[in-house]
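The letter at position 78 of the sequence shown is residue 78 when you use this note's numbering, and the numbering goes up by one with no holes. Glycine included, every Cβ here is placed at the ideal spot set by N, Cα and C. All of these numbers come straight from a predicted model, not from anything done at the bench.
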Amino acid sequence: MPHSPEDKKRILTRVRRIRGQVDALERALESGGPCLAILQQIAAVRGASNGLMGEMVEIHLKDELVSGETTPDQRAIRMAEIGHLLRAYLK
Numbered sequence: 001m002p003h004s005p006e007d008k009k010r011i012l013t014r015v016r017r018i019r020g021q022v023d024a025l026e027r028a029l030e031s032g033g034p035c036l037a038i039l040q041q042i043a044a045v046r047g048a049s050n051g052l053m054g055e056m057v058e059i060h061l062k063d064e065l066v067s068g069e070t071t072p073d074q075r076a077i078r079m080a081e082i083g084h085l086l087r088a089y090l091k
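If you want it as structure tokens, here you go:
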């Protein structure tokens, strides 16, 4: 969870944008929209989702590893957790 109000606002804005894109995708599918338009909408959702993930990782790294008061051992554990998460995400 983002700690600063500015970070939280940016993340929520991204989530709301993704929701709007998914809603548009659902409407296009329900109305039998052209396949190309649907594929473009799927690509837009994917790009927005990737952007959300990137921003959340950046915020997490900043909050937990840069700004947080952690020991080297705690940072190593958190880096391993982040590495595991990124590997799962990139599959």
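Just measuring C-alpha positions, the residue of Arg78, Gly33 and Ile82 sitting nearest Gly54 is Ile82. Met1 sits in coil when the DSSP states are folded into three classes, being neither helix nor strand. By the C-beta density criterion, Ile59 is buried, having at least 16 other C-beta atoms within 10 angstroms.
For Leu36 and Val15, the gap between their C-alpha atoms comes out near 24 Å.
When DSSP assignments are scanned along the stretch 17-91, the uninterrupted stretches of alpha helix (DSSP H) that are 4 or more residues long and fall wholly within it turn out to be 35-61 and 72-90.
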